[in-house]
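Below is one structure, written out as C-alpha cells, with a few remarks after it.
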Amino acid sequence: NFPREGLSVSLQNEDRCRIEKGSADSAGKGSKTKWREFRLVLIGDSPVEGIGNSHHSVALSGRTAEAFAKLVCRSGREHDDRALKGKQYDSVRYWSYGKSGLTARGVNREMVPLLHRVVDDVVSSSNGDTAAENCFEKPIHAIVLLCGVNNVLDPRPTTFYRDVHSLIHSIKHHPKFGSIDKDTPLLILGLPDFTKLPFLPSWPMGWILGFRGRYIQHVLETVIQEVQQEEMIESGRIQTRMVRIPELNDVLGTIGYQRYESSSCSIDDANSESDGATESVLRKMQNPFKMKFCHPLLEYLGDVGLDQAKISSLGMQDFLSDDGFHPGRYGTIYCGNLIVDAYRKIMSNTL
C-alpha cells in the first residue's frame with residue numbers, strides 16, 4: 003500500500019524534517035530551476051513494512067529517509083562533508099517495500115519487481131524534459147536491503163547462499179534497462195544477535211536461533227565479499243556494503259565521558275560583533291575550551307535530545323518495539339543512522 007509516487011522528506015532546519023507524499027512531477031518538471039531530489043528505495047521483510055511501529059515516519063524506512071535528508075539536503079549552507087561535495091539535494095524521495103515473513107527468495111520474488119517499477123517510473127517521468135533529464139542523473143541514488151531473519155526460521159537454511167546471491171543480482175540488473183547504475187550503493191543491513199532479544203528465552207530457543215542467526219550472517223557476509231570482488235574487477239569501486247549492527251549491550255548503561263572542545267573565537271570575531279555581544283566573545287577567548295558530553299551512542303542518536311542522565315539509563319527495551327523483536331523507538335533512529343554512515347563511507351570510497 004505504499005504510495006507509488008513515494009514519500010518526500012525535506013529538511014526544515016538542522017534537526018527537523020517534514021514527510022509528505024511525493025509527486026511524479028515534483029522533480030523539477032516544467033521548472034527552470036533544477037530541483038535535485040535524492041531517491042532512496044528500501045526493500046525487505048517486516049522492519050521495512052513498518053511492523054511494530056505506529057506510523058511510517060517513525061518506522062525504519064522513515065527514520066532512514068530522515069537521516070539521509072540530514073546528510074544530503076541543503077540547509078542554508080553547503081555541506082562540508084568531503085564525500086558529498088557538489089552533491090547537495092533539495093529533498094529525499096523514498097519508497098519502502100517490505101512484507102512480514104519474507105525470506106531472501108520471497109524478497110526477490112515479491113519486492114524486487116517493485117524496485118524495478120520505481121526505476122521505470124523515474125525514467126519515464128524524465129523523458130522529453132530537459133530540466134528533468136539534468137536532475138535525474140541516475141534513477142536511484144541508494145538501495146537498502148533487509149533480509150535473512152526469516153531464513154533463520156527456514157527449515158532449509160542451506161539454500162540461503164544461493165537465494166541471497168540471486169537476490170543481489172536481481173536488484174542490480176533491471177530487466178528492461180540492463181543494469182541499475184553501477185554507482186548506486188546497495189546497503190545491506192546485518193542480522194541482530196538473537197541471543198540478546200528479550201522476547202526469547204535464553205534456552206533453548208535463544209541458543210538455537212542465535213546459532214542459526216550467526217550462520218546466516220556469515221553466509222550473508224561471504225556473499226557480499228564475493229559481490230565486492232566482482233565490483234572491483236568490473237569498475238574498480240565497491241558499491242555493495244554490509245551494515246553491521248553493533249552490540250548494544252557493550253555501551254548500554256555506561257555513563258559516557260566529558261571532553262574539552264575549542265570554542266574557536268578570535269579577536270576578529272570580537273571586532274565584528276556588536277557592543278552587546280563583544281563581551282561574550284571576549285569571555286570565550288579567555289576560556290577557549292568548553293566541556294562536551296560524549297557517549298558511544300551519541301554518534302547515531304545525537305540529534306534526539308538525549309542528555310547524560312537519559313542516555314546512561316537506556317536499556318535494550320528502548321531500542322525495540324512493544325513486541326520485543328522489531329526495531330522501534332530509538333532502534334529505528336539508530337539503524338537509520340548506521341545505514342547513512344555506511345553510505346557516507348561508500349561515497350568516500352573507504353572501507
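Going by our numbering, the sequence shown opens with residue 3, and the numbers climb by one from there. Glycine included, each C-beta is placed from N, C-alpha and C at the ideal position.
- Boundaries of the beta strand (DSSP E) around SER12: 9-13.
- Around the beta carbon of THR334, 16 or more other beta carbons sit within 10 angstroms, so the residue counts as buried.
- For LYS312, the enclosing alpha helix (DSSP H) begins and ends at 310-314.
- In the three-state DSSP reduction, GLY307 falls in the coil class, being neither helix nor strand.
- Under the three-pair Cβ rule at 8 Å, the stretch 103-111 counts as touching the stretch 162-172.
- Using a 10 angstroms sphere on the CB of ASP92, the tally of other CB atoms reaches 16 or more, which defines it as buried.
- DSSP lists LEU148, VAL245 as the beta-bridge partner residues of LEU191.
- The Cβ neighbour count for PRO5, taken over all protein chains shown within 10 Å, is under 16; the residue is labelled exposed.
- Judged by DSSP secondary structure, SER98 falls within the beta strand (DSSP E) whose first and last residues are 93-100.
- Between ALA144 and GLY338, the gap from beta carbon to beta carbon reaches 9 Å or more.
- Around the C-beta of SER315, fewer than 16 other C-beta atoms lie within 10 Å, and the residue is accordingly described as exposed.
- Taking 9 Å as the cut-off, the beta carbon of GLY317 is found no closer than this to the beta carbon of GLY258.
- Taking all protein chains in view, the Cβ of LYS72 is crowded by 16 or more other Cβ atoms within 10 Å, so the residue is classified as buried.
- Taken through DSSP and simplified to helix, strand or coil, ARG20 comes out as strand.
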